[in-house]
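For the sequence shown, the positions run 38 to 278 when this note's numbering is used.
Scroll down for the structure; my scribbles are underneath it.
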Amino acid sequence: MKMFKPLLPDGVFWYRAATPADLARKLAEQIALILRQRLEVAPRASVALSGGSTPILLFKALTQQVLDWQRIDVVQVDERWVDPSHPDSNSAQIRAHLLQGGAAVARFHPLYENVASPSAGLGAVGQRLESLNWPLDVVVLGMGNDGHTASLFPDAPELVTAMAEHNGRKLAVITPPQHAQARITLTRSAIAGARNCILHIQGDDKLATLSKALTEPDNWAQMPIRAFLRSGLHIFWSPAK
């Protein structure tokens, strides 16, 4: 089992745990600490969370954290354009595994509207997010083995627009050719502008993907995660089991 630390850019922080459950607890504690500190100086604090199977343990660990949840804004990093009752819905995962118990009073901002397409719903979703205090306080990213993060896929025709820097756009529609559903995602600008950016990954395959991404840091078109492997990023990794 590989347990080495990759050669990271200056200012990128590395955290390792023995198991996914240990990693989730460690990451939940770190997120809760950031949110508590923010609430000491601001009326509200925000956290943006990714979908997929990896974050489920994190969601469950976060519900155990003592927080003033009614002052927390929970945002999605990305969402497939499917009804919340659909098994592929990221918002359904957040509702089922995070917004429970004391955390149920958090203010949730899903990236979905009950309209035909993400293009038709983009304006309404964007308007809902305008109520947040930007920049986001914490963004937790995942990473696919193709180097995508959020729904910033290397083969998506909208990638260049979504990856534009400093254009002020917070959301983009993405239609990755190799995936069934269109999506809405936070843009590079919205993610990179966050006060705290975290990459949460598990397994030797993700370690290999990360190592590959680090070899050509400027080539984000091939592996969009490269745009975020910069000073200030916190990477949390564990073996897959």
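By construction, the Cβ of each residue, glycine as well, lies at the ideal position given by its N, Cα and C atoms.
With fewer than 16 neighbouring CB atoms inside 10 Å of its own CB, Ala133 falls in the exposed class. Between the alpha carbons of Gln218 and Glu150 lies a distance of about 15 Å. DSSP, reduced to helix, strand and coil, places Arg81 outside both helices and strands of the structure shown, so it counts as coil. In the structure shown, Ala141 falls within a helical segment according to DSSP collapsed to helix, strand and coil. Comparing alpha-carbon positions, the option among Pro213, Asp183 and Asn182 lying closest to Val197 turns out to be Pro213. Relative to Asp125, the option among Trp274, Arg220 and Arg263 whose CA is nearest is Arg220. The region 190-247 is shown to contain whole beta strand (DSSP E) runs of 3 or more residues at 208-211, 220-223 and 234-239, in chain order. With contact defined as three or more Cβ pairs closer than 8 Å, the region 163-182 and the region 234-243 are in contact. Beta bridge pairing from DSSP links His146 with Val112. Closest by C-alpha distance to Phe145, out of Asp120, Trp171, Gln107 and Ser122, is Gln107.
If the five residues before and after Gln102 are omitted, its C-beta is found closer than 6 Å to the C-beta atoms of Ala65 and Ala69, all from its own chain and listed in chain order. DSSP, read as helix, strand or coil, puts His271 in strand. For Ile109, the closest C-alpha among the options Asp115, Thr91 and Leu99 is that of Leu99.
Closest option to His185, judged by alpha-carbon separation, among Val84, Asp115 and Leu148: Asp115.
DSSP places Leu251 outside both helix and strand once states are collapsed to three, so it counts as coil. Assignment of Leu86 by DSSP, reduced to helix, strand and coil, places it in the strand class. The residue from Lys42, Val152, Leu104 and Ala61 with its alpha-carbon nearest to that of Lys278 is Ala61. Check the Cα spacing between Asn204 and each of Ala227, Pro191 and Gln137: the tightest is with Ala227. Excluding its 5 nearest sequence neighbours in each direction, Gly89 has C-beta neighbours in its own chain below 7 Å: Gly179, listed in chain order. Here Ile238 is not near His271, since their CB atoms are 7 Å or more apart. In this structure, the straight-line span from the alpha carbon of Ser128 to that of Leu136 is close to 10 Å. For a cut-off of 8 Å, the C-beta gap from Pro57 to Ser268 is around 27 Å, too long to register as a contact.
Contact annotation: Leu189 and Pro92 have beta-carbon atoms that are not nearer than 7 Å.
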